[in-house]
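These notes concern the structure reproduced below.
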Amino acid sequence: MTDQTVDADGAKLSGQPSAEGHFLGRVRELKELLADIERAGLDTISGRKAPRARVLLIAGRPGSGRTALAAELARRVADRYPDGVLRARLSEPDGTPVPVARVARDLLTALDEPAPPGAGEDDLAAALRGALAERRALLLLDDAAGADQVDALLPDTPDCLVVAVSAGPLTGISDVRPCTLGGLDTKSGLDLLTRYTGSVRVTVDPYAAEGLVEACQGQPATLLLAGGWLAARPTSAVADLAKHLHAEGDEGTPLGRVFGLVHAGLPAPAARTLRLLSLAPAGLVDPHTASALAGCSVGAARTTLDDLTALGLLRAADSPLPQYEVPGCLHPLLRAAVEAHDRPAELQLARARMLERTVRLLQSCRASTETDSPQAREKLQGVPRALRFPSPRAAAQWLDLSRPALLACARLAVEEGDLDTLARRLMSQLVRAMVAHFGTQAAAPDLYEVHRLVLDVAERRDLPRERAAALLNLADVDARTGRTRAALVRYRAALDAGREANDPYATGRAMESVGGAHLELGDYDRAADWFGRALGERLARDERADAARLYGRIATAHTYAARYGEALRNWRAAAAAHRKLGDLAAQARAVSEIARVQEYAGRPEESLRTCREAVEGARRAGDHRLQAALHLRLADTLDHLGDPAAAHLHRAAAERILGEEAPETGGPPEGSERQDQPEHAPNTCEIRSTPAED
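For the sequence shown, the working numbering gives the first residue as 48, with consecutive numbering after it.
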């Protein structure tokens, strides 16, 4: 059975290897949990049909092996649930609850079900319940912070099973079957130690080994660290570790005491790297993250991460990439160690290095999609080899699998309520990389999260310019995903924020975007009016290129409203403006639109003359695709006028031009540039991007 896995913020992973052969003990607990699946519920006993999925609760302290037990239970019963095993982590490594909306969206993604961009928690939870209504699936909800989280995600069908992992009871959910974990039995604890130490050291001193298991209270996480400490010291006996623990006294937990011994025994660079991993977003680490945090090479970081994994301090993530997880039970211990050993200024510098490295990786990831451009290829060659991706496919895979950490990194960048230069660059590059690799439609949910982070900070700090930028970007995502009315509301709010900030760029773009939304909704009068207001702003600032484009947008609205006279007047203004700017290609496109409107107005002879003028303009501009499209339009017009011979000549000319261009472009023929779609600026968290971001 292939599991489907979704981590706390993360991507769907398939083909997770079986845990069989790696799980120890918990025989009684497993037997009870398996029996609870079959046992009749309270509703069944009372003669009513169970309305919701059964909930099994595995409760225990972090480090008690509760997640491993849940995973083993899921593995054993997976074949009963043909629609898969879905996993979600409901708390961040530091204990912060993960929003239900984020978990529900990730579970919907794992089910290949649509998750409407921008939908709220209730809508997403309802969509998840609807998606599971006709399925027989198992949900493993790890590290639940409370009953409310679990209750919101419960399927409304008894055919599904929910296995929840929590530190305590889930009060408020009916008919929960709890299983509370203590320590491992002595035999299982000894077996766990033996995996690290080998059988000899345990066999020669069984009493010391049993005493060590007792000192660790049978907690698997503590025993893992103890085994790692012994594995790193092949000449030490089990009794030596027991003596060290006895010397530590009874202060703190067994896990804390063993961790202190392991940390103290690490080389200083490795110990520092371990402590700094507490800053890793979402508890996920890769060699680049560790390298940036520690200020060392990527190769050295990879070696350190492997060494820490061998000691039980990290877990290798189930990913094609070299990724590691910081165990949640160690997170508070790492935080305490950081506070004790590292200065705040050092932590701030390490955090800045990590964010800067993430920005550069995102720049490289985006640049990998632009290899057709000589400038992009040259820019990519300037990227250090360690930061380059071998192919666009490899870059897309990295972006997809690193998504949880990248989004957590974005949250980290603004968690203190700042939008400094580094945070802005990170947001901008994350958005650009996602759009470049996945497209706006597919990336829309993540784009919403990034832009909402900026909007939240802007509203808390009363930053009207940043609020305008975030609202514009959110509205752009709405518009590009078919939520035009929602986009219109946000564009109007962005206009108010732009005026409050006295930002002419934001104001002008918001006006134009309001017009574009009205155009999309078929309200051509309002569209023309708002385009006219935006045109006035551009003319007042002598922004001629934008003004020329807006003349065309006004003309498009008038064309749709069948006001051909107004449309022709504005297209002629656009053509004249482009001519003054020396933009021959744009001028030719505007002239071609004049010909189109003349044809709509029932003046085919005038359209024919104007279209020939546009062909000549396209030829001078070197726009072969436009030239070919205009020849095809001329052929259609001549057919309507009853001149098939001339029409044939123009079609032949179009085929010849496209045939000469095909080896260079390899794309299908296109007509003149469409003017009927609302235009949006790039999705960036800033209104203006700096040269470094491009």
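Ideal Cβ positions, reconstructed from N, Cα and C, are used throughout, including at glycine.
Nothing here was measured: the structure is a model prediction, and the numbers come from that model.
Under 9 Å between C-beta atoms of residue i and residue j
i: residue 456; j: residue 328; result: yes
i: residue 647; j: residue 684; result: no
i: residue 117; j: residue 187; result: yes
i: residue 367; j: residue 444; result: yes
i: residue 198; j: residue 176; result: no
i: residue 106; j: residue 300; result: no
i: residue 425; j: residue 483; result: no
i: residue 560; j: residue 523; result: yes
i: residue 273; j: residue 263; result: yes
i: residue 678; j: residue 700; result: yes
i: residue 237; j: residue 260; result: yes
i: residue 171; j: residue 155; result: yes
i: residue 681; j: residue 692; result: no
i: residue 585; j: residue 564; result: no
i: residue 25; j: residue 332; result: Residue coverage of the chain in this structure runs from 48 to 741, which leaves residue 25 outside it and unanswerable.
i: residue 537; j: residue 518; result: yes
Backbone secondary structure at residue i - three-state DSSP
i: residue 364; result: coil
i: residue 560; result: helix
i: residue 264; result: coil
i: residue 166; result: coil
i: residue 98; result: coil
i: residue 217; result: coil
i: residue 287; result: helix
i: residue 617; result: helix
i: residue 684; result: helix
i: residue 520; result: helix
i: residue 379; result: helix
i: residue 648; result: coil
i: residue 430; result: coil
i: residue 493; result: helix
i: residue 44; result: Because residue 44 is not part of the residues shown, which for the chain are 48 to 741, the question remains open.
i: residue 714; result: Only weak support exists for where residue 714 lies, its pLDDT of 41 falling under 50; the value from the coordinates is given anyway. Looking at residue 714 - three-state DSSP - the assignment turns out to be coil, as it is neither helix nor strand.
i: residue 295; result: helix
i: residue 461; result: coil
i: residue 697; result: helix
i: residue 605; result: helix
i: residue 301; result: helix
Which residues DSSP lists as bridging residue i, in chain order
i: residue 586; result: Answer is none; residue 586 lacks a bridge partner.
i: residue 103; result: 210 and 224
i: residue 331; result: 372
i: residue 144; result: 138
Neighbour flag for residue i against chain B, beta carbons, 9 Å
i: residue 485; result: Although the question refers to chain B, the structure presented lacks it and comprises just one protein chain.
Buried or exposed by the 16-neighbour rule on C-beta atoms within 10 Å, applied to residue i
i: residue 139; result: buried
i: residue 572; result: exposed
i: residue 745; result: Here the chain covers residues 48 to 741 and nothing more, so residue 745 does not appear.
i: residue 410; result: buried
i: residue 246; result: exposed
i: residue 431; result: exposed
i: residue 317; result: buried
i: residue 378; result: buried
i: residue 196; result: buried
i: residue 254; result: exposed
i: residue 725; result: Confidence at residue 725 is low in this model, with a pLDDT of 37, below 50, so its placement is unreliable and the value that follows should be read with caution. Per the 10 Å Cβ criterion, buried.
i: residue 550; result: buried
i: residue 440; result: exposed
i: residue 468; result: exposed
i: residue 374; result: buried
i: residue 265; result: buried
i: residue 396; result: exposed
Rounded distance between the beta-carbons of residue j and residue i, thought under 8 Å
i: residue 621; j: residue 649; result: Contact flag wrong, Cβ pair sits at about 22 Å.
i: residue 104; j: residue 213; result: 6 Å
i: residue 376; j: residue 109; result: 4 Å
i: residue 334; j: residue 349; result: 4 Å
i: residue 407; j: residue 434; result: 6 Å
i: residue 642; j: residue 654; result: 5 Å
i: residue 499; j: residue 521; result: 7 Å
i: residue 582; j: residue 592; result: Not quite, the Cβ-Cβ distance comes to about 12 Å (not below 8 Å), so this is no contact.
i: residue 194; j: residue 219; result: 4 Å
i: residue 72; j: residue 302; result: 18 Å between Cβ atoms; not a contact.
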